[in-house]
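J.:
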Amino acid sequence: MANERLRGAIIESGLTLEQVAERLGVSAKTVERWINEPKRQPYRRFKYAAASLLQCEMSFLWPEERTSAEITEAGNAELVKLYPHRSVVPNRLWPQLYAGATRQFDVLVYSGFWLTEDAAFHQVVKEKSSAGVPVRFMLGDPDSAAVATRGADEGIGAAMASKIRNALVNYAPLFRLPRVEFRLHSTTLYNSIYRADDEMLANGHLYGVGAYMAPVLHIQRIPGGELFDAYAESVERVWETARPISSPTDLGGSSA
Numbered sequence: 001m002a003n004e005r006l007r008g009a010i011i012e013s014g015l016t017l018e019q020v021a022e023r024l025g026v027s028a029k030t031v032e033r034w035i036n037e038p039k040r041q042p043y044r045r046f047k048y049a050a051a052s053l054l055q056c057e058m059s060f061l062w063p064e065e066r067t068s069a070e071i072t073e074a075g076n077a078e079l080v081k082l083y084p085h086r087s088v089v090p091n092r093l094w095p096q097l098y099a100g101a102t103r104q105f106d107v108l109v110y111s112g113f114w115l116t117e118d119a120a121f122h123q124v125v126k127e128k129s130s131a132g133v134p135v136r137f138m139l140g141d142p143d144s145a146a147v148a149t150r151g152a153d154e155g156i157g158a159a160m161a162s163k164i165r166n167a168l169v170n171y172a173p174l175f176r177l178p179r180v181e182f183r184l185h186s187t188t189l190y191n192s193i194y195r196a197d198d199e200m201l202a203n204g205h206l207y208g209v210g211a212y213m214a215p216v217l218h219i220q221r222i223p224g225g226e227l228f229d230a231y232a233e234s235v236e237r238v239w240e241t242a243r244p245i246s247s248p249t250d251l252g253g254s255s256a
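FYI, our numbering numbers position 209 of the sequence shown as 209, with every residue one higher than the one before it.
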């Protein structure tokens with residue numbers, strides 16, 4: 001059965017299939033399939049974009065989807081606590097968070113230098129390595145344009161790249177541990193993300209401000225929630241494009 005609600009909303013908007021497709025960044029045939037083959041559901045990002053374009057609730061166009069109120073309620077439940085600045089987050093929270101990891105242990109930062117000096121954190125990494133938990137570190141490529149830009153934005157210039165190199169030196173003993181991997185990324189980092197299984201700390205980045213002065217969201221995955229998964233998916237995208245390194249000095253081949 002065709003999705004007549006979607007067809008009707010497009011007609012009501014006064015837009016053609018080609019115009020809708022162009023604004024959503026897909027082909028007209030794709031939009032036709034959304035209408036005529038409703039079992040072939042668009043990705044959620046396209047559902048959001050289409051609903052916004054056609055000025056309809058997503059749950060009206062795709063009744064199986066939850067309402068905005070339901071999604072908002074689930075998102076609120078995912079938020080454990082909001083810290084206005086990273087500097088006010090209790091230092092013990094990071095090792096406590098990772099102490100509970102049994103499946104995933106991810107650190108996504110540019111340098112995260114302050115964490116490299118935390119002896120309790122180092123101990124947790126060693127314990128999780130021994131327990132067979134995969135530990136993934138993603139640090140910024142010190143020679144990348146993204147790191148240079150972040151350094152300039154924070155007003156510390158080349159010191160950002162130096163902090164990354166120093167962080168890698170502090171992590172040197174961890175390179176030898178089983179199931180501990182390090183990669184360098186060249187992405188524009190909008191959040192530093194610290195994930196342990198279904199719980200994470202997301203430290204937002206603000207233009208012209210060091211991460212220690214930016215907010216931190218303590219969130220957890222719950223059934224029906226989307227906030228945690230949105231951050232988790234971004235971690236995976238960075239990991240897939242980042243370059244593996246085998247030692248703190250393995251910086252050759254960086255992108256300028």
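Note that the Cβ used here is the ideal one computed from N, Cα and C, for glycine as well.
DSSP puts H218 in a beta bridge; with which residues?
T.: K81 and L201
J.: With distance defined between alpha-carbon atoms, name the residue in I35, A2 and M138 nearest to T187.
T.: M138
J.: Does DSSP put D250 in a helix, a strand or coil?
T.: coil
J.: Quick one: Cα of N189 to Cα of P215, how far?
T.: Reading the sequence as shown, one finds Leu at residue 189 and not Asn. Rounded to whole angstroms, L189 to P215 spans 15 Å at the Cα level.
J.: Using the C-alpha atoms, what's the distance from V107 back to D250?
T.: Distance between the alpha carbons of D250 and V107 is about 19 Å.
J.: For the beta strand (DSSP E) holding L108, just list the boundary residues, first then last.
T.: Start and end: F105 to L108.
J.: Could you give the DSSP three-state label for S192: helix, strand or coil?
T.: strand
J.: Within the continuous beta strand (DSSP E) that includes G140, where are the two ends?
T.: Residue range V135 to G140 is occupied by the beta strand (DSSP E) that includes G140.
J.: Got a sec? Which residues, its chain only, sit under 7 Å from S247 by beta carbon, not counting five neighbours each side?
T.: F175
J.: Sort out for me which residues DSSP pairs V304 with in a bridge.
T.: This structure gives no information on residue 304, because the portion of the chain shown stretches from 1 to 256.
J.: Over the uninterrupted beta strand (DSSP E) stretch that includes P244, give me the two end residues.
T.: R243 to I245
J.: Taking 8 Å as the threshold, find out whether the region 75 to 87 comes into contact with the region 217 to 233 through three or more Cβ pairs.
T.: Segments in contact, yes.
J.: Starting from the C-beta of T149, find all residues in its chain whose C-beta is less than 8 Å away, skip the five residues before and the five after it, and write them out in chain order.
T.: T188
J.: Between which residues of its own chain and A202 is the CB-CB distance below 6 Å, once the five residues before and five after are set aside?
T.: N191, I193, L217 and Y231
J.: Using C-beta distances below 7 Å, list every residue in its chain close to T116, excluding the 5 sequence neighbours before and after it, in chain order.
T.: A167, N170 and Y171
J.: Give the straight-line distance between the Cα atoms of P63 and D229, rounded to the nearest whole angstrom.
T.: 22 Å
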